[in-house]
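J.: Pasting a structure below so you can have a look.
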Amino acid sequence: MRKLLRPRDYLLLGLANILDLAEDVKDPLGFVSKSYENMYGWIPGQYKRHNFNHLVWRNLKTGYIEKIIRDNQPYFRLTSSGKNKLTRDFPFLGFQNKGWDKKWRLVVFDVEETNKQARERFRNKLKELGFGMLQESVFISPYDIAKDFTEFIDVQGLNESAYLLVVSTIAVGDIKALVNRVWHLDKMNDFYKKIIRKIEDNDLIFNSDRLNKLNDKDVKKVQDLTRDIKKEYLEAMLDDPFLPKELLPLDWEGKRAGNLVKKLFNIRQRPHKNIK
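Numbering (the numbering used here), first residue to last: 1 to 276.
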């Protein structure tokens, strides 16, 4: 079940620049700053500007973001508290560009039928951690999530109902075919291709000269399209387990889609007299 994004999630994910967050987390002295306008560009179109103003204020107050001045211009950036909030709420962020130790984690559980709610919470948590369902009560992942797994089963009181196994091999004929079936990579790849087509068909990659020639109507159209594409990309990332490249199909388009969205994001940072 896909996790529903709240306005705060859009704000923090956009400010973090999710395309580079994994590298940013590794560098405690670095940060990716985005102007107020670019932060607003990640918020769904139906979210009114005055509500967005209040959203920014609330997150400043809670300490998830902070305001800085650079070249006499105000910018916002994530605080360490904001980064921790993101990685807790979206564990998949830590999987981006992560190497693989060639081991598999298998979770086997047997939660009684009378405890249906606990079973569903557990399954949803496994999916949130990037696990794929091999069988109804068997989930697999290539990543080491032992700490998160242990904490969750302790809190939920499932220590005697769920077990984590680490194995070097899963004996199947074609491991990529298994991975595709478990994580539905074909469907996910089609979604990334759709995003790429939307960017290319609408010719949304601008150079600075072309951008400066847009009239107000065209600027508004570009703003609406880029906002829709960013929203679709965030939704795609919520379903992406960020598997090691060794397990992905040869025609995987996730990285290409991300690079194009990143170009859209950078273009929107350039000053333009028509953009309000």
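For each residue, glycine too, the CB sits at the ideal point set by N, CA and C.
Just verifying my parser: in three-state terms, what is the DSSP assignment at Val261?
T.: helix
J.: Quick one, which of Glu136, Lys187 and Thr62 has its alpha-carbon nearest Lys85's?
T.: Thr62
J.: On a Cα-Cα basis, can you pick out the residue from Lys255, Asp71, Leu12 and Glu66 that is closest to Met188?
T.: Lys255
J.: Can you give me the C-alpha to C-alpha distance between Leu19 and Phe95, rounded to a whole angstrom?
T.: Any reading at Leu19 must be qualified, since the residue scores a pLDDT of 46, below 50, and its modelled position is unreliable; no value is offered.
J.: Measuring only the C-alpha atoms, how far is Phe131 from Asn59?
T.: 31 Å
J.: Residues in the same chain with beta-carbon distance under 7 Å from Leu55, minus the five sequence neighbours each way, listed in chain order, please.
T.: Pro7, Arg8 and Leu11
J.: According to DSSP, is Gly132 helix, strand or coil?
T.: strand
J.: What number of angstroms, rounded off, separates the C-alpha of Asp101 from the C-alpha of Thr114?
T.: Cα to Cα, Asp101 sits roughly 38 Å from Thr114.
J.: Based on the DSSP output, what are the partners of Ile170 in its beta bridges?
T.: Partner(s): none; Ile170 has no beta bridge.
J.: What is the DSSP secondary structure of Phe152, counted as helix, strand or coil?
T.: Helix, per DSSP.
J.: Which whole-angstrom value describes the C-beta separation of Phe76 and Val107, a residue pair presumed to lie in contact below a C-beta threshold of 8 Å?
T.: In fact, because the Cβ distance is near 38 Å, the residues do not count as touching under 8 Å.
J.: Would DSSP call Ile65 helix, strand or coil?
T.: DSSP places Ile65 in strand when its eight states are reduced to three.
J.: How far does the beta strand (DSSP E) with Phe278 in it extend, from its first residue to its last?
T.: No information on residue 278 is available, as it lies outside the stretch 1 to 276 that the chain covers here.
J.: Buried or exposed: which applies to Gly14, given that a residue is buried once 16 or more other Cβ atoms fall within 10 Å of its Cβ?
T.: Per the 10 Å Cβ criterion, buried.
J.: Is it true that the CB of Val166 sits closer than 8 Å to the CB of Arg105?
T.: yes
J.: Output yes or no for whether 8 Å exceeds the beta carbon distance between Ala162 and Ile153.
T.: yes
J.: Answer yes or no: do Lys176 and Pro249 have a C-beta to C-beta separation smaller than 8 Å?
T.: yes
J.: In angstroms, rounded to a whole number, what distance separates the CA positions of Thr226 and Gln135?
T.: 39 Å
J.: To which residues of the same chain is Ile196 closer than 7 Å at the C-beta, ignoring the five residues directly before and after it?
T.: Glu253, Arg256, Ala257 and Leu260
J.: Consult DSSP for Ser81 and reduce its assignment to one of helix, strand or coil.
T.: In the structure shown, Ser81 sits in a helix (DSSP, three-state: H, G or I).
J.: Can you give me the C-alpha to C-alpha distance between Glu66 and Leu234, rounded to a whole angstrom?
T.: Their Cα atoms are separated by approximately 23 Å.
J.: Near Arg121, what residues of its chain come up, given a Cβ to Cβ distance below 8 Å and the 5 sequence neighbours on each side ignored?
T.: Gln156
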